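Okay, so here's the structure we're looking at.
2 protein chains.
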Amino acid sequence: MTAPPHEARPTGPARALPDTQQGMRRRNLARVMHAVRAEGPLSRAAVASRIGLTRAAVSTLVDELIRTGLLEELGPERPGRVGRPGSALAVSGRGPAGIGAEIGVDHLAVCAVDLRGEVRARAVRHGTNRGRSPEPVIEELTRLLREVVTEAEREGLWPAGLAVAVPGLVARDAHTVVRAPNLDWHDVDLGALLPGEFALTVDNEANFGGLAELWLGADTPRDFLHVSAEIGIGAALVVDGSLLRGTRGFAGELGHVPVHPDGPECVCGGRGCLEQYAGEEAVLRAAGLELGEDRVGLLAGRAADGDEDVRRALRGAGTALGIALTGALNLLDPEGVVLGGALAGLAPWLLPSLEAELARRTAGPPCPVSVSRLGPEGPLLGAAHSVVRAVLDDPAAVAGRG
Amino acid sequence: MTAPPHEARPTGPARALPDTQQGMRRRNLARVMHAVRAEGPLSRAAVASRIGLTRAAVSTLVDELIRTGLLEELGPERPGRVGRPGSALAVSGRGPAGIGAEIGVDHLAVCAVDLRGEVRARAVRHGTNRGRSPEPVIEELTRLLREVVTEAEREGLWPAGLAVAVPGLVARDAHTVVRAPNLDWHDVDLGALLPGEFALTVDNEANFGGLAELWLGADTPRDFLHVSAEIGIGAALVVDGSLLRGTRGFAGELGHVPVHPDGPECVCGGRGCLEQYAGEEAVLRAAGLELGEDRVGLLAGRAADGDEDVRRALRGAGTALGIALTGALNLLDPEGVVLGGALAGLAPWLLPSLEAELARRTAGPPCPVSVSRLGPEGPLLGAAHSVVRAVLDDPAAVAGRG
DNA sequence: ACTATTTCGTCATGGCCGTTTACAAATTAG
DNA sequence: CTAATTTGTAAACGGCCATGACGAAATAGT
C-alpha cells in the first residue's frame with residue numbers, strides 16, 4: 001500500500017481511486033482529512049455534518065486516521081453551546097511531511113511542510129546555477145535535502161515525498177527536465193540523479209507557483225492564470241482547481257505566444273514572441289542595462305528611483321503582456337490573472353499599461369489582474385504543498401509507514 | 403430519480419456521483435454500459451474482465467440494465483472457442499434517445515440518436531435566420547422537434563433530453579444565449595421558449611462540434627482544439643476528453659485572439675483580432691465578393707475553379723489562423739488541431755499557408771492539423787450524442803421512465 | 001439544587017454491494 | 001465419450017455506511 005517510488009502526479013481531491021468499497025473508504029478518509037485541514041479543529045460530529053456522513057461512520061474513519069498518526073485528538077472543546085462538547089480533532093503536526101525543493105537560476109532551496117501546512121524546516125543556498133552541469137547542482141541540492149530531512153525528523157516528521165520545481169519544461173513523466181534554457185539543461189532525468197528513497201515529482205516552477213497561489217492565496221479563484229517569469233515567461237493554467245498540463249506537459253508557454261507576428265526572431269523559431277518584449281533580457285536591453293546578478297532587484301530599484309528608461313521599458317513589457325494575455329483570456333475565460341515570480345516585484349510599473357491594454361481590447365469588464373503575495377516563495381511552497389495534498393487526497397496510501 | 407427539467411451539463415464519464423454505496427453502483431452501471439457500447443456485443447464474462455469486476459457482480463448489473471431497457475440480450479454467441487459460449491449483450495436500440503437540435507444561421511435541424519449512436523430520425527429546414535427574432539425561430543424549431551420526437555416514438559424510442567447547438571456564446575447555466583452576433587440575439591433564455599418537457603442543454607456549436615469529433619472521429623485524440631467558423635471563429639478546447647468551458651462559459655473565443663495588435667478595429671473592442679483576417683466577412687471582402695446566401699459554397703467553388711483572388715484571400719486567412727493557433731498551441735499543448743464547420747470545406751486552400759505558418763513558428767515537429775470528416779453535421783450530432791452520453795454516464799438516472 | 005433538554009461519541013444491528021466459492025450448463029479437445 | 005474449459009448463477013461472506021439506542025457531558029429552566 002506504500003506509494004511506488006515514482007508515483008503519478010496528484011491531480012486534486014477527485015484523483016482516481018478504484019471504484020470499489022475500499023476505494024470509497026479511501027475517498028472518505030480523504031474527505032475527513034480535507035474537512036479538518038480546511039476548517040480548523042473540528043469535532044467528529046462537525047466533520048460528519050460537513051462531509052455528509054453519519055457520526056458513526058466518521059468515528060471509525062477518525063479512529064483509523066488517529067491510529068495512523070494523521071489526525072490528533074486535542075481534547076474536549078470549550079463548551080459555550082448546549083450539549084455535550086465534542087472532542088476537537090486537528091491534523092497532526094507530526095507524521096508525514098512534504099519536502100519541496102527549488103532549482104532556481106540564482107539559488108537552491110529545500111523546505112519541509114507538515115500536514116497543517118506549516119514550514120517546519122528549510123535550507124537555502126544562493127549563487128548562480130547558470131550553465132552549471134546537472135550533477136554538481138543536484139549533489140548540492142541533495143546536501144540541502146539531507147539537512148532539511150534530518151531537521152524535520154528531529155521534529156517528529158517523516159518525508160512522504162519530494163517535489164522539485166525547475167525553471168524549464170518538464171515531461172509528463174514528472175521526472176525529466178526536457179529543456180531549461182536558463183540552466184542550459186536538456187533532457188536531464190532528475191529521477192536518476194536524486195536519491196531514490198523519495199517519491200519524486202518534478203514540475204515547472206510556474207506550475208508549482210500557480211498551485212501555491214491556488215492553495216495558499218487569500219481568495220484565489222479555482223480558475224485563473226498564474227503568470228511568472230525568470231528569463232522565460234511561463235504561465236500556470238489552473239482550470240477548475242487543477243493544472244492544465246497539455247499532452248507533453250508543455251502547456252502554459254505564454255512566452256512564445258506571438259505578439260507582433262513580424263517582430264524579431266526568437267530562440268523558439270518564431271517571431272515576435274512575448275518573450276521578445278517582456279522577457280527579462282528584452283526589458284534589460286530596452287532599459288539600456290546589462291545582464292547581472294540580481295536583475296529583478298536592479299530593475300525594481302531603478303524604477304522606484306524614477307529611472308525613466310527603465311519605467312518605459314517596463315511599460316512596454318506590460319503592454320506586450322496585455323496583448324498576449326488578451327489572447328489567453330479569449331481562449332480560456334478564467335476568473336482572474338495573478339502575476340507571480342519576478343513579475344510580482346515589478347507589478348507597480350507593469351500593471352498600468354497591462355491593464356490599459358486589456359481594457360482596450362475587451363468589451364465589457366476586463367478580467368481582474370492581481371499580484372501574488374507569495375512572491376518568490378511560491379514555487380517552493382507549491383512544491384512542498386503538492387506532496388502534502390497528495391497525502392491528504394489519499395491518506396490510506398501512507399498509512400503504516402510512519 | 404428522474405432528471406430535473408434543466409439539469410447540469412454532463413462533463414464525462416467521471417461525472418460527480420455521490421460517494422455512497424448507491425453511487426458506486428451507479429458508476430458501475432455506467433461502466434457496463436460504456437464497455438458494451440464501445441466494444442460491440444459482449445458477454446457478461448467479457449464485460450467483467452474489461453471493467454475489472456467479477457462475473458457475479460456484472461450479472462446483477464446487467465440484469466438491472468436489461469430490466470430498465472438499456473441493454474438487450476442478443477442470445478448465445480457463435481462458439482469458435484472452447485467452453486460454454488456467452489450470451490451476447492448489446493446496447494438497446496429502443497429506449498432512451500438523445501434529441502439534438504441546431505440553430506444555424508442558414509438552417510434549423512433536429513435529430514434523434516439512439517443509445518447505439520445511430521441517427522433514427524431527423525428534420526431540417528433551410529432558410530436564413532439572420533436577424534429573425536427568437537420567438538418565431540424557436541416556434542419553427544419546436545415544430546421540427548415534434549416531428550422528430552413522434553418519428554422516434556414510432557420506433558420505440560423516448561426522448562431522454564434535448565441539446566441545442568447555437569452559433570454564439572452560451573452562459574454556464576446552459577440555457578441562455580448571451581450573444582449570437584449572426585442571429586443578432588442577446589440574452590435569450592431558450593429554457594423559457596422551448597417546451598419544458600425535455601431536460602435542456604444549450605451550447606455553442608463549436609463546442610458540440612468538438613464533442614462530436616471526440617466521440618465520433620476516427621482516431622481523434624483526447625486533447626485537441628476543434629476550430630470551426632461560421633461568421634465568428636470559435637474553438638472547442640478538449641482537454642483530457644472533456645470540454646474546457648471557462649468561468650462564464652466563454653472559453654474558446656479564438657476569433658478574438660489578437661493577430662496583428664495594431665490591425666483594424668473589431669466589434670469586440672479590440673484590434674487586429676483573428677476574425678478581422680480569417681472571418682467569413684473578411685475573407686469575402688479580401689476576395690472582392692459580396693455577402694450572399696451560400697457563402698462557403700461560393701468560396702469553395704471559386705477556389706476550386708482557380709479564382710486567384712479567392713485563393714489569395716484564403717491563403718491570407720490560413721496564415722492568420724496559423725498565427726492565432728501558434729499562441730493557442732503554446733498555451734494548451736494539445737495533441738492536434740481539427741478544422742471543422744465551414745473551415746473543413748475550405749481546408750484545401752487554407753491548410754498549406756496555415757501549416758507553413760505553424761512550422762515557421764515552431765521548433766520541433768509542428769502540431770498535426772487535420773480536417774473533420776463530420777463537416778457541417780458535427781454540431782447537430784454532437785448535441786444529440788451529448789444527451790446519449792449523459793444517459794450512458796448515469797444509466798440509473800433514467801431508469802423507470804421508459 | 002435538580003430535572004429536562006441538547007449534543008456528542010459509541011455500539012449493535014441491518015442493508016447494500018462486490019467477492020468468493022461452488023456448481024450446473026454448454027462447448028471444444030483428444 | 002471423457003476431460004478440460006468457459007459461462008452464468010446462487011449462496012455464503014466480508015466490508016462499509018446508515019439506523020436507532022444509549023450513556024456521557026454540557027446548558028436551560030424551575
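Chains as they are written, first to last, in my numbering: chain A, 1 to 402; chain B, 403 to 804.
No residue lacks a Cβ here, since even glycine has one placed at the ideal position from N, Cα and C.
Because the structure is a prediction, the values reported are computed rather than measured.
- Cβ-Cβ distances below 8 Å link Ser489 of chain B to Ser445, Arg446, Glu475, Leu476, Gly477, Pro478 and Glu479 in the same chain, with the five nearest sequence neighbours on each side left out; the list follows chain order.
- When the five nearest sequence neighbours on each side are left out, no beta carbon in the same chain lies closer than 6 Å to the beta carbon of Ala304 of chain A.
- Counting along the chain, no alpha helix (DSSP H) covers Ser772 of chain B; the unbroken beta strand (DSSP E) around it starts and ends at Val771 to Val773.
- For His628 of chain B, the enclosing beta strand (DSSP E) starts and ends at Phe626 to Ala631.
- Identification of chain B residues near Glu213 of chain A by a Cβ-Cβ cut-off of 8 Å yields none; the smallest Cβ-Cβ distance measures about 16 Å.
- For Glu692 of chain B, the closest alpha carbon among the candidates B:Val712, B:Gly708 and B:Leu676 is that of B:Val712.
- For Arg433 of chain B, the uninterrupted alpha helix (DSSP H) segment begins and ends at Gln423 to Ala440.
- In this structure the stretch 664 to 674 of chain B touches the stretch 360 to 376 of chain A; the number of beta carbon pairs closer than 8 Å is three or more.
- Spatial neighbours of Gly375 of chain A in its own chain (CB-CB distance under 6 Å, excluding positions within 5 residues in sequence) are listed in chain order as Ala344.
- When beta bridges are read from the DSSP output, Ile103 of chain A appears opposite A:Leu108.
- By the neighbour-count criterion, in which a residue is buried when 16 or more other Cβ atoms sit within 10 angstroms of its Cβ, Ser133 of chain A is exposed.
- Not a single CB atom of chain B sits nearer than 9 Å to the CB of Cys111 of chain A.
- One thing to note: Asp187 of chain A has its Cβ within 9 Å of the Cβ of Thr176 of chain A.
- For Ala236 of chain A, no Cβ of chain B is located within less than 9 Å of the residue's own Cβ.
- Residue environment: Arg469 of chain B is assigned as exposed (fewer than 16 neighbouring CB atoms within 10 Å of its CB, all protein chains considered).
- Following the DSSP letters along the chain, one finds Thr456 of chain B in no beta strand (DSSP E), marked with neither H nor E.
- Pairing Val568 of chain B with Gln276 of chain A, the inter-Cα distance amounts to about 39 Å.
- Using a Cβ-Cβ cut-off of 9 Å, Pro736 of chain B is close to Gly246, Thr247 and Ala251 of chain A, given in chain order.
- Nearest neighbour of Ser228 of chain A by Cα position, chosen from A:Asp393, A:Val296 and A:Asp262, turns out to be A:Val296.
- Against chain A, the CB of Val669 of chain B has a partner CB under 9 Å away; the residue lies at that interface.
- When C-beta atoms of the stretch 517 to 534 of chain B are compared with those of the stretch 636 to 653 of chain B, fewer than three pairs fall below 8 Å, so the two segments do not count as touching.
- Two segments are said to touch when three or more pairs of C-beta atoms, one from each, lie closer than 8 Å; by this definition the stretch 209 to 217 of chain A does not touch the stretch 316 to 327 of chain A.
- Thr128 of chain A carries a coil assignment under DSSP once its states are collapsed to helix, strand and coil.
- Ala363 of chain A reaches chain B at Cys670 and Gly671, counting residues in chain order whose Cβ is nearer than 7 Å.
- Under the DSSP assignment, His787 of chain B falls in the alpha helix (DSSP H) whose first and last residues are Gly780 to Asp795.
- Counting the other CB atoms within 10 Å of its CB gives Pro261 of chain A a total of 16 or more, which places it among the buried residues.
- By the neighbour-count definition (other C-beta atoms within 10 Å, threshold 16), Val164 of chain A is a buried residue.
- The C-beta distance from Leu332 of chain A to Val371 of chain A rounds to 20 Å, too long to fall under 8 Å, and the pair is not in contact.
- Interface flag for Met435 of chain B against chain A is unset, since no Cβ pair is found closer than 9 Å.
- Contact note: Asp421 of chain B reaches chain A through Met24, Arg27, Asn28 and Arg31, using a C-beta cutoff of 8 Å and chain order.
- In this structure, DSSP gives Arg524 of chain B an extended state, which the three-state scheme calls strand.
- The beta carbons of Leu639 of chain B and Pro736 of chain B sit closer together than 9 Å.
- With a threshold of 9 Å between beta carbons, Ile323 of chain A makes contact with chain B.
- According to DSSP, Pro348 of chain A shares a beta bridge with no other residue.
- Asp696 of chain B is classed as exposed because its beta carbon has fewer than 16 other beta carbons within 10 Å across all chains shown.
- For Asp711 of chain B, the enclosing alpha helix (DSSP H) begins and ends at Glu710 to Leu734.
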